[in-house]
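Take a look at the structure set out below.
Numbering (the numbering used here), first residue to last: 1475 to 1706.
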């Protein structure tokens, strides 16, 4: 178990779930603050600057999608969304407004804790990469241009506004153009997960990239994974 004093904001209006999740995260060494509605979540995030947010979709006041949108507009922070819905549209909207990952209820407390740790590791890695490094080369593949130092992406000269996770996933694929990367490998190398239980998360982020950069950019190899289909 990792020792940490990192802050987690847990936004969940079902008391039994909130108590169970908070207890597990505190056992992992996190400092956990719990709120139960949309307006309180936005206000608390603004005042306390949590390191990661665990956010339920269904909330009183306004829902988790609006919470995510408002929080990310003020200060980027890793967000893990919890949902009881099976509607993929809701999940895609959540990722589009800045959520990094999601879990469907009911879920394993062990897996939730592992994903929170993984989100923080990825955030720390991304922060290190964002430090100015003039020697970091840009990646140009056909009409796609990726600037790792500035974390900017252009296709056909038009900038695409990607979430942090979308950028990390695209960069990982672009560093290995035309190479088919299995979903399990992407989960391990981009998300930092040791198991394959979140392959649907990969699929949802790929859909987000296609929506923003074009459906022809990433090829699906059914039953295996994805490859970036842009010429060098």
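The beta-carbon is built from N, C-alpha and C at its ideal position, and this holds for glycine as well.
Cβ neighbour criterion (16 or more within 10 Å) applied to residue i
i, result
"residue 1692", "buried"
"residue 1582", "exposed"
"residue 1640", "buried"
"residue 1689", "exposed"
Beta strand (DSSP E) segment containing residue i, residue limits
i, result
"residue 1515", "Where residue 1515 is concerned, there is no enclosing beta strand (DSSP E), although the alpha helix (DSSP H) it sits in stretches over 1512-1522."
"residue 1575", "1575-1578"
Of the residues the options, the one placed nearest residue i, counting alpha carbons only
i, options, result
"residue 1533", "1485, 1676, 1629", "1485"
"residue 1687", "1616, 1663, 1655", "1616"
"residue 1551", "1664, 1543, 1526", "1526"
"residue 1664", "1574, 1529, 1516", "1574"
"residue 1487", "1661, 1558, 1685", "1558"
"residue 1628", "1618, 1637, 1622", "1618"
"residue 1625", "1645, 1631, 1632, 1595", "1645"
"residue 1522", "1538, 1537, 1545", "1545"
"residue 1501", "1482, 1535, 1703, 1538", "1482"
"residue 1576", "1528, 1595, 1614", "1528"
"residue 1598", "1635, 1642, 1578", "1642"
"residue 1480", "1490, 1491, 1503", "1503"
Residues bridged to residue i [DSSP beta-bridge criterion]
i, result
"residue 1483", "1507, 1527"
"residue 1619", "1614, 1628"
"residue 1689", "Its beta-bridge partners do not exist; DSSP assigns none."
"residue 1640", "Residue 1640 pairs with nothing; no bridge assigned."
"residue 1651", "The partner list for residue 1651 (beta bridge, DSSP) is empty, contrary to what the question assumes."
"residue 1633", "1628"
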